[in-house]
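Comments concern the structure below.
In the working numbering, the protein residues as written are 283 to 583.
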C-alpha cells in the first residue's frame, strides 16, 4: 500500500508538472508576435521614438484579428484596420522624399533601405513592422487561426486588407514632390486595379502633392526577354492623364541612371552591365562614379 501510495503521489506530481509546463507553452508568444514586437522595437529605437509600447501594438493588432465583427464578414474590410494604422503613423517623422512602387517591390525596398535616399511605406512603422508577415500562416501564428466567414486567404483578404489600409494612410501623409517606381518589363506597368492605382493615387491631391515623377525601372535579367514599355506608351499616357487631371505635375524617366548604377553594383556580371562597361574606356570611370553619386543626391533633394 505504501508503495502504491508513493506511485500515486509521483503520478500526481508528474501530471501537475506537465500541466504547468503546458500552461507555460500556451503562454509562449508566437513567431508572429515576436516579429511584430521585435521589429516595432527596432524601428522605435532607430527613430528615437522610445515611448512606443510595442507589446500594446501587438495586443491592439490581434484584437482586430479576433474581433467578433470578422465572423460577420466574408471579405475583410480594410477600414477595420484604419484606427490601428493611423495610431502607428502618429509616430512617423516627416517624410523627406516619399516614393511609391508598383510591380517593383524588390528594387524599391532594397534601393531605399540600402541607400537611404527615399522613403516608402515599408520604411514607416506599420510598413516595417508587418512587411512580409503572414497571419494566415499557422507556422507564424503557432497554430492559431485568424479568419472571416470565408477563411483567411483568397476572397477573405485578411492580410491584403491591412496593406490596403496602410497604403491609403501612407498616401495621405506624403507632400510635395513624390516619386513612383514602376516595373518597365511589365506589359502594363500602371494598373488602376493594383494598390497604387486603387488605394494610393486617389489620395494624392494638389496642393499637398505638387509633382509625381515616374521612374520606369527595367530589371536586368528581364530586359532581354520582355519588350520594354516606355514613357510614351499608351499605358503610361493613361497614368499621365490620371495624374494631371488632379492638377499635379507629371514627369516620366526611363531606366534612370541611379537605378541602372544600383542594379549593376548589385549584379556586376549582368550582360547589360558588362555591355555598358565595354562601351566606356577606363578614363570615363571617375566621371561615371561622380555621376552615380550626383544622381543619388538628386533623388534625395
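We treat Cβ as the ideally placed atom computed from N, Cα and C, and that holds for glycine.
One thing to note: residue 370 has its Cβ no nearer than 7 angstroms to the Cβ of residue 401. In the same chain as residue 435, and ignoring 5 residues on each side of it, the C-beta atoms closer than 8 angstroms to its own belong to 418 and 441, in chain order. With the rule of 3 Cβ pairs closer than 8 angstroms, the stretch 347–363 does not count as touching the stretch 316–327.
Sorting 514, 487, 528 and 448 by C-alpha distance to the C-alpha of residue 470 places 514 at the top. Each residue's CA atom was taken as its position, placing residue 517 and residue 480 some 16 angstroms apart. By the criterion of a C-beta distance shorter than 6 angstroms, residue 432 is surrounded in its chain by 356 and 438, once the five residues flanking it on both sides are discounted. In the displayed model, residue 493 falls within a strand according to three-state DSSP. Straight through space, the alpha carbons of residue 522 and residue 546 are spaced by roughly 29 angstroms. Taking a cut-off of 8 angstroms for Cβ pairs, the stretch 454–462 and the stretch 408–424 do not touch, as fewer than three such pairs fall below it. For residue 380, the three-state secondary structure derived from DSSP is strand.
By the Cβ neighbour-count rule, residue 519 is exposed, with fewer than 16 other Cβ atoms within 10 Å of its own. A Cβ-Cβ distance of about 4 angstroms is found for the pair residue 385 and residue 465, placing them in contact under the 8 angstroms criterion. When 549, 313 and 448 are compared, the shortest CA-CA separation from residue 406 is found for 448.
Fully enclosed beta strand (DSSP E) runs of no fewer than 3 residues occupy 458–465 of the stretch 450–487, in order along the chain. Here the C-alpha atom of residue 498 lies approximately 14 angstroms from the C-alpha atom of residue 393. Counting every other CB atom within 10 Å of its CB across the protein chains shown gives residue 332 a total below 16, marking it as exposed.
A straight-line Cα-Cα distance of about 13 angstroms links residue 551 and residue 542. A residue is called buried when at least 16 other Cβ atoms come within 10 angstroms of its Cβ; residue 427 does not meet this threshold and is exposed.
Of the candidates 354, 535 and 526, 354 places its Cα closest to the Cα of residue 430. Going by C-alpha positions, residue 490 is about 43 angstroms away from residue 556.
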